[in-house]
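Trainee: Chains as they are written, first to last, in this note's numbering: chain A, 1 to 541; chain B, 1 to 439.
Using N, Cα and C, we set each Cβ at its ideal position, and we do this for glycine too.
Okay, handing you the structure first.
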Amino acid sequence: MNRQIRRLTIAIMLCYLALFAQLNRVQIFDAQALRDNPDNTRDVLANYSRPRGTVSTIDGAVVARSVEVDTPLQRQREYPEADLFAQVSGFFSLHYGSTGVEQVYDEELAGQTPELELESLSDLFVDRDRSGSVVLSLRSDVQRVARDALGEREGSVVALDPRSGEILALWSWPSYDPNLISAPDIERASEARSLYLLDPADPMLGRAYQERYFPGSSFKVVVSAAGLESGRVTMDEPSYEPVSSWTPPLTTRPITNAGGAVCGGTLAEILRVSCNTAFAEMGALTLGPEVLAEGAEGFGFNGRPPIDLPAPARSVFPTDYGEPLSTPDLDDPDPDVAGTVYENTPALAQAAIGQHDVAATPLQMALVAAGVANGGVIMEPRVVHEIRNADGDLVERLQPSAWRQAMSPSNAAALRQAMIGVVTGGTAWRMAIPGYEVGGKTGTARVAEDVTSTHAWIVGFAGPQGETPHVAVAVVVLADEDVGEQAGGRVAAPVARAVLERALSPASPVRVDDPPDPSPDGAPDDAPDDAPDDAPDDAPE
Amino acid sequence: MTELRSLRRRVELGLILLGTIITASAYALAGLGTTASLPADVVPFLGVVLALMIVAHLAVRRFAPNADGLMLPLAALLNGIGYVFVARLDTELAAPQATWTALGIAAFVATLIVVRRPRDLQRYRYTFLLVGILLLLLPFTPLGFENLGAQIWARIGPIAFQPGELAKLALLLFFAGYLVENRELLSVSTFKIGPLMLPDPKRLGPLLLALGAALVIFVYQSDLGPSLLLLMLFLVMVWVATERLSYLVLGSSLFALGAYVAYTQFSHVAPRFEAWLDPWNPDLVRGEAYQIVQATYALAQGGLTGTGLGLGNPERVPVVTTDFVFAAIGEELGLLGGTAVLICFLLLVGSALRLSIVADHAFDKLLAVGIATLIATQAFIIVGGITRLLPLTGIALPFVSYGGSSLVVNYVLLALLLRLSDDVTTRQLRRVEREAVPA
Numbered sequence: 001m002n003r004q005i006r007r008l009t010i011a012i013m014l015c016y017l018a019l020f021a022q023l024n025r026v027q028i029f030d031a032q033a034l035r036d037n038p039d040n041t042r043d044v045l046a047n048y049s050r051p052r053g054t055v056s057t058i059d060g061a062v063v064a065r066s067v068e069v070d071t072p073l074q075r076q077r078e079y080p081e082a083d084l085f086a087q088v089s090g091f092f093s094l095h096y097g098s099t100g101v102e103q104v105y106d107e108e109l110a111g112q113t114p115e116l117e118l119e120s121l122s123d124l125f126v127d128r129d130r131s132g133s134v135v136l137s138l139r140s141d142v143q144r145v146a147r148d149a150l151g152e153r154e155g156s157v158v159a160l161d162p163r164s165g166e167i168l169a170l171w172s173w174p175s176y177d178p179n180l181i182s183a184p185d186i187e188r189a190s191e192a193r194s195l196y197l198l199d200p201a202d203p204m205l206g207r208a209y210q211e212r213y214f215p216g217s218s219f220k221v222v223v224s225a226a227g228l229e230s231g232r233v234t235m236d237e238p239s240y241e242p243v244s245s246w247t248p249p250l251t252t253r254p255i256t257n258a259g260g261a262v263c264g265g266t267l268a269e270i271l272r273v274s275c276n277t278a279f280a281e282m283g284a285l286t287l288g289p290e291v292l293a294e295g296a297e298g299f300g301f302n303g304r305p306p307i308d309l310p311a312p313a314r315s316v317f318p319t320d321y322g323e324p325l326s327t328p329d330l331d332d333p334d335p336d337v338a339g340t341v342y343e344n345t346p347a348l349a350q351a352a353i354g355q356h357d358v359a360a361t362p363l364q365m366a367l368v369a370a371g372v373a374n375g376g377v378i379m380e381p382r383v384v385h386e387i388r389n390a391d392g393d394l395v396e397r398l399q400p401s402a403w404r405q406a407m408s409p410s411n412a413a414a415l416r417q418a419m420i421g422v423v424t425g426g427t428a429w430r431m432a433i434p435g436y437e438v439g440g441k442t443g444t445a446r447v448a449e450d451v452t453s454t455h456a457w458i459v460g461f462a463g464p465q466g467e468t469p470h471v472a473v474a475v476v477v478l479a480d481e482d483v484g485e486q487a488g489g490r491v492a493a494p495v496a497r498a499v500l501e502r503a504l505s506p507a508s509p510v511r512v513d514d515p516p517d518p519s520p521d522g523a524p525d526d527a528p529d530d531a532p533d534d535a536p537d538d539a540p541e
Numbered sequence: 001m002t003e004l005r006s007l008r009r010r011v012e013l014g015l016i017l018l019g020t021i022i023t024a025s026a027y028a029l030a031g032l033g034t035t036a037s038l039p040a041d042v043v044p045f046l047g048v049v050l051a052l053m054i055v056a057h058l059a060v061r062r063f064a065p066n067a068d069g070l071m072l073p074l075a076a077l078l079n080g081i082g083y084v085f086v087a088r089l090d091t092e093l094a095a096p097q098a099t100w101t102a103l104g105i106a107a108f109v110a111t112l113i114v115v116r117r118p119r120d121l122q123r124y125r126y127t128f129l130l131v132g133i134l135l136l137l138l139p140f141t142p143l144g145f146e147n148l149g150a151q152i153w154a155r156i157g158p159i160a161f162q163p164g165e166l167a168k169l170a171l172l173l174f175f176a177g178y179l180v181e182n183r184e185l186l187s188v189s190t191f192k193i194g195p196l197m198l199p200d201p202k203r204l205g206p207l208l209l210a211l212g213a214a215l216v217i218f219v220y221q222s223d224l225g226p227s228l229l230l231l232m233l234f235l236v237m238v239w240v241a242t243e244r245l246s247y248l249v250l251g252s253s254l255f256a257l258g259a260y261v262a263y264t265q266f267s268h269v270a271p272r273f274e275a276w277l278d279p280w281n282p283d284l285v286r287g288e289a290y291q292i293v294q295a296t297y298a299l300a301q302g303g304l305t306g307t308g309l310g311l312g313n314p315e316r317v318p319v320v321t322t323d324f325v326f327a328a329i330g331e332e333l334g335l336l337g338g339t340a341v342l343i344c345f346l347l348l349v350g351s352a353l354r355l356s357i358v359a360d361h362a363f364d365k366l367l368a369v370g371i372a373t374l375i376a377t378q379a380f381i382i383v384g385g386i387t388r389l390l391p392l393t394g395i396a397l398p399f400v401s402y403g404g405s406s407l408v409v410n411y412v413l414l415a416l417l418l419r420l421s422d423d424v425t426t427r428q429l430r431r432v433e434r435e436a437v438p439a
């Protein structure tokens, strides 16, 4: 019998050898493929069931938080403010991934950064809550004012602190409810998502930083800065001839002023009344394409702003205007001399008043205002102020850092004064706030041949007298067929003023230490706007 | 003689202490992993485990002092790891599993006390056959009840158990006794079927009848695992006893035929086979193959070193505390932990096989081979099923899975092995002493 037993021993050894081989195959060689199998929701469920930190505004309003639920997915994301911060927070969906801060700060929220993961050696053995909380730089009161002021008009509001780049409000309408898309039930989530995707108004688009529009006359700030920086324009000269229309070379189509007005003069004056003819001539002849493009790119055009939100749109200023054709008083065309005419100078004249192919995001235009306000330095825009750990201790405060030097401090100071003039005695007068220094520039951008179809723009800044402005703002209200022509000064300025005014008043903490489950509706509604727009409507534009 | 004895027992005690420390550490880690705090009862737990094992160890010292010192610590380690996983996966099962472990140890001690000479069991072979068949029929009596669709349970007083587990042991004893008695006659061929030489049907009859009855009952209960196990046990024992390969060949052919018939005739067999061949088939992945696919994901999640005790999601695998406990071990302890468990089985089975080689008496040999085959096959069938080396057949992983009947029976098997080992070693030592003394 011993021979059989020895053979049996060998047979059992072989069987177990096969087991070891198979176990190695499943756990080592095929493991990655098995983990990546789309049918395998283990990683996903584990990831979505982990503790995830809270997103809140700097004044304490809860934007996103995780609540424990008794389903295979142990936690669910909740957005108490619904659509108010949707385009900043984004959503966090088991089925559709994540967007916004949920995406960009995923590692911090999930607690996967080295700072959050390993605070002490004992953490190696303990499964504590490592999740981090994200504190936004946004103020819930400013955001609410932006939403209420814009109302049901399609458009965007961006307000930021020019000194740090921290964004105080970023709102656009229409918006969406991230709760619906983050629903763990795929049918509900899918229904909500297709509803939003089919909506022609595209509510999930973060218009404020992901969509670009003709900036119209608000772009004249950039043209002015380019002129000052090149030295071809100063506050005193040239002085443009007051005209009601100006026809660029190589075309017969004249550029006119709003309402057929006659205007002209030096920089401060033409900025004050938003003189199309003067700016067109300045851009097309005094400055030329290279100076203009350089000036625009100095503000960040043709590049992406380094904001901590996903996929910001690139604002564009076209740079190709063909070959130089002729320069006055010279035999050969010289691009370095003012007055040189290019093959496409008529388009350049349009570009100089924010038309043609110039396109900018509201964020970009807010950064333009911020650059002027902040002595020419544009700070990197940020929606996040700091990261805290699960115990509420500070982990990291995001340090402000300069993005671009758009212009010299002296030119910036001069342009700032000019923009203040636009508010005190010009088209942006509706933005004035008593007791504060406010500067601005309106814009009315034609979007089609139809003159009545226009976007209303305003960019500006405000702060205590004599200080670097504390807030910069950009507002765009999109063309609306039912409303007709919308001038920036009339339509956008009151919105900007309301936002600036709220942002200048000190923030009152909504709830300092927010427990996970407070009363269903967070902050008390804002006090009614105590500064009704009582200005007469028939004022000059 | 006393030197070897005390060495074996000292090794045993040392290994038991080591196994207890491993078990208690695993228990503490599992607590840390699931609740981020040390289990409050970790010290009493350590005490109870240690007490149980010391009782078993003292019983061995008293009743089988010359027995192999490796087997009890291996079983204790497997049982300990199994308990930690069962308790970690389902806290409600912790108390019953602890009770069953205590009962298992009691059965272990009782077996050591009652069975003074394993060879005497040979006399009761037909009693064991009768008991085995009765046990198999027990679930169909008023004592039986159905649970989770399987009519394999019986209840006596407050204790619910699976009589089939005990029946395996009774049938093993019957096979060993009967084969020892008839092995000479069974290895003589008296008539031919084709190229195969077969013995007198009169000798083979009772054996086939017993096997047939058991298989019919198991198949009737749709319990494929035990029937496969019993068939393998039977074939191996007949082959070893008769030393005739033709039994193995014929048996395997009959098994293949039976498997084919089952595949075509039983509606629940074919999908299992398909789930084995192509588990990610969209028709099966959420149905018949769901268990095996989830178990495979669990193993893949574990990788080399595992997710850590208490830190994986093994509860996503259905019936993870019983048939699929190895998937949980593979997920949280990784390839290394799973391999360690398999090596424990190999060492245990190896000890039993070595014992069967050195035993002098045919019954002792057959009993040891039978027990080794039972444990080896059981672990192989279920781990092979979970890793998709074999089609899946639900069966308990000895000493590890949740389940009282299985635990108690395995401890009885272990006690029998230790008794055999003691017997064989004592005799060997006597022989050596006799030869050492000059005539």
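Does glutamine 428(B) come within less than 7 Å of chain A when only Cβ atoms are used?
Mentor: Position 428 of the second sequence holds residue 428(B). By this cut-off, glutamine 428(B) is not an interface position.
Trainee: Quick one: Cα of serine 408(A) to Cα of proline 469(A), how far?
Mentor: Along the first sequence, one-based indexing puts residue 408(A) at 408. Along the first sequence, one-based indexing puts residue 469(A) at 469. Cα-Cα distance, rounded: 17 Å.
Trainee: Would you list, in chain order, the members of the segment 19-32 of chain A that have their beta-carbon closer than 9 Å to a beta-carbon of chain B?
Mentor: Listed by position along the chain: Leu19, Phe20, Ala21, Gln22, Leu23, Asn24, Arg25, Val26, Gln27, Ile28, Asp30, Ala31 and Gln32.
Trainee: Quick check on the DSSP output: the alpha helix (DSSP H) that includes glycine 421(A) runs from which residue to which?
Mentor: Here residue 421(A) corresponds to residue number 421 of the first sequence, with the count starting at 1. Note, glycine 421(A): alpha helix (DSSP H), 409-425.
Trainee: Report the option in Pro65(B), Ala24(B), Val55(B) and Ile54(B) whose CA atom is closest to the CA atom of leucine 4(B).
Mentor: Along the second sequence, one-based indexing puts residue 4(B) at 4. Out of Pro65(B), Ala24(B), Val55(B) and Ile54(B), Pro65(B) has the C-alpha closest to the C-alpha of leucine 4(B).
Trainee: Would you kindly check if the distance between the Cβ of glutamate 243(B) and the Cβ of glutamine 4(A) is under 7 Å?
Mentor: Counting from one through the first sequence, the residue named residue 4(A) turns up at place 4. Counting from one through the second sequence, the residue named residue 243(B) turns up at place 243. In this structure, glutamate 243(B) lies closer than 7 Å to glutamine 4(A) by Cβ.
Trainee: Find out if the Cβ-Cβ distance for the pair valine 383(B), leucine 19(A) is shorter than 7 Å.
Mentor: Within the second sequence, numbered from 1, the residue matching residue 383(B) stands at position 383. Within the first sequence, numbered from 1, the residue matching residue 19(A) stands at position 19. Contact: yes.
Trainee: Identify the contact partners of asparagine 40(A) in chain B, using a Cβ-Cβ distance below 7 Å as the criterion.
Mentor: Stepping through the first sequence from its first residue, residue 40(A) is reached at position 40. Tyr297, listed in chain order.
Trainee: Taking the alpha helix (DSSP H) that histidine 57(B) belongs to, which residues open and close that run?
Mentor: Counting from 1 along the second sequence, the entry for residue 57(B) is found at position 57. Looking at the DSSP string, the run of the alpha helix (DSSP H) that includes histidine 57(B) is 42-63.
Trainee: Here's the rule: buried if 16 or more other CB atoms are within 10 angstroms of the residue's CB, otherwise exposed. What is phenylalanine 326(B)?
Mentor: Position 326 of the second sequence, counting from 1, holds the residue named residue 326(B). Buried is the call here.
Trainee: At a CB-CB cut-off below 8 Å, which residues of chain B make contact with isoleucine 307(A)?
Mentor: The residue labelled residue 307(A) in the question sits at position 307 within the first sequence. What isoleucine 307(A) touches in chain B: nothing, since even the nearest Cβ is about 37 Å away.
Trainee: Anyone know if the C-beta pair for alanine 456(A) and valine 491(A) falls short of 7 Å?
Mentor: Here residue 456(A) refers to the residue found at position 456 when the first sequence is read from its first residue. Here residue 491(A) refers to the residue found at position 491 when the first sequence is read from its first residue. Yes, they are a contact pair.
Trainee: Does threonine 387(B) have its Cβ less than 7 Å from a Cβ in chain A?
Mentor: Taking the first residue of the second sequence as 1, we reach residue 387(B) at position 387. Yes - at least one Cβ of chain A is within 7 Å of the one on threonine 387(B).
Trainee: Of all the CB atoms in chain A, is at least one closer than 7 Å to the CB of glutamate 332(B)?
Mentor: Here residue 332(B) is taken as the residue at index 332 of the second sequence, counted from 1. No, its Cβ sits nowhere closer than 7 Å to a Cβ of chain A.
Trainee: Measuring CB to CB, does proline 324(A) end up less than 7 Å from threonine 340(A)?
Mentor: Here residue 324(A) refers to the residue found at position 324 of the first sequence. Here residue 340(A) refers to the residue found at position 340 of the first sequence. Yes, the pair counts as a contact, with Cβ atoms nearer than the cut-off.
Trainee: Tell me the DSSP secondary structure of leucine 309(A) in three-state form.
Mentor: Numbered from its first residue, the first sequence carries residue 309(A) at position 309. Leucine 309(A) falls in the coil class under three-state DSSP.
Trainee: Mind pulling the chain A residues with CB within less than 9 Å of threonine 425(B)?
Mentor: By 1-based counting over the second sequence, the position of residue 425(B) is 425. Result: empty, since nearest Cβ-Cβ is about 17 Å, beyond 9 Å.
Trainee: Could you confirm whether any beta carbon from chain B is found closer than 7 Å to the beta carbon of isoleucine 10(A)?
Mentor: Taking the first residue of the first sequence as 1, we reach residue 10(A) at position 10. No, no contact with chain B.
Trainee: Three Cβ pairs or more, each shorter than 8 Å: is that satisfied between the segment 263-271 of chain A and the segment 313-324 of chain A?
Mentor: Contact fails: fewer than three Cβ-Cβ distances are below 8 Å.
Trainee: Does the pairing of the segment 366-386 of chain A with the segment 479-493 of chain A give three or more beta-carbon distances under 8 Å?
Mentor: No, they do not touch.
Trainee: Check the Cβ-Cβ distances between asparagine 2(A) and every residue of chain B, and say whether any is below 7 Å.
Mentor: In the first sequence, residue 2(A) corresponds to position 2, counting from 1. At least one chain B Cβ lies under 7 Å of asparagine 2(A).
Trainee: Scan the segment 130-153 of chain A for residues whose Cβ lies nearer than 9 Å to a Cβ of chain B and list them as they occur along the chain.
Mentor: Against chain B - using a Cβ distance shorter than 9 Å - the segment 130-153 of chain A contributes no residues.
Trainee: Under the three-state reduction of DSSP, which class applies to proline 242(A): helix, strand or coil?
Mentor: Taking the first residue of the first sequence as position 1, residue 242(A) is located at position 242. Here proline 242(A) sits in strand by DSSP.
Trainee: How would you call threonine 54(A), buried or exposed, if buried means at least 16 neighbouring beta carbons within 10 angstroms?
Mentor: Sequence index remark: in the first sequence, residue 54(A) carries index 54 (1-based). Buried, because 16 or more other Cβ atoms sit within 10 Å of the Cβ of threonine 54(A).
Trainee: Proline 96(B) by DSSP, collapsed to three states: which one?
Mentor: Here residue 96(B) is taken as the residue at index 96 of the second sequence, counted from 1. Correct three-state label for proline 96(B): helix.
Trainee: Please state if the CB of isoleucine 181(A) and the CB of phenylalanine 91(A) are separated by a distance shorter than 7 Å.
Mentor: Taking the first sequence and counting its residues from 1, the one referred to as residue 91(A) is at position 91. Taking the first sequence and counting its residues from 1, the one referred to as residue 181(A) is at position 181. The answer is yes: Cβ separation under 7 Å.
Trainee: For valine 432(B), collect the residues of the same chain with a Cβ closer than 8 Å to its Cβ; drop the 5 residues on either side in sequence, then sort them by chain order.
Mentor: In the second sequence, residue 432(B) corresponds to position 432, counting from 1. Around valine 432(B): no qualifying Cβ.
Trainee: Please state whether DSSP places isoleucine 10(A) in a helix, a strand or coil.
Mentor: Within the first sequence, numbered from 1, the residue matching residue 10(A) stands at position 10. Of the three classes helix, strand and coil, the one that applies to isoleucine 10(A) here is helix, per DSSP.
Trainee: In three-state terms, what does DSSP make of threonine 277(A)?
Mentor: As a position in the first sequence, residue 277(A) is number 277, starting the count at 1. The answer is helix: DSSP assigns threonine 277(A) an H, G or I state.
Trainee: Could you round the C-beta distance between alanine 543(A) and glycine 303(B) to whole angstroms and report it? I think they count as a contact, below 8 Å.
Mentor: No statement about residue 543(A) is possible, as the shown extent of chain A runs from 1 to 541 and does not include it.
Trainee: So serine 131(A) is in the alpha helix (DSSP H); what residue range does that whole segment cover?
Mentor: Counted from its first residue, the first sequence places residue 131(A) at position 131. Careful: serine 131(A) lies outside any alpha helix (DSSP H) and carries neither H nor E.
Trainee: Please list the residues of the segment 7-31 of chain B that have a C-beta atom closer than 9 Å to any C-beta atom in chain A, keeping them in chain order.
Mentor: Residues passing the 9 Å Cβ filter: Leu29.
Trainee: How close, in whole Å, do the beta carbons of alanine 445(A) and glycine 322(A) come, if the pair is a contact with beta carbons under 8 Å?
Mentor: Your numbering for residue 445(A) matches position 445 in the first sequence. Your numbering for residue 322(A) matches position 322 in the first sequence. About 24 Å separates the two Cβ atoms, so there is no contact after all.
Trainee: Only counting runs of 3 or more residues, tell me where the beta strand (DSSP E) segments fall wholly within the segment 449-516 of chain A, in order along the chain.
Mentor: Entirely contained in the segment 449-516 of chain A, the beta strand (DSSP E) runs reaching 3 residues are, in chain order, 454-464 and 471-477.
Trainee: Using the DSSP secondary-structure output, state which residues sit across from valine 223(A) in a beta bridge.
Mentor: Stepping through the first sequence from its first residue, residue 223(A) is reached at position 223. BP columns for valine 223(A) are empty, so no partner.
Trainee: Indicate the three-state DSSP secondary structure (helix, strand or coil) for serine 66(A) in the structure shown.
Mentor: As a position in the first sequence, residue 66(A) is number 66, starting the count at 1. It is a strand residue.
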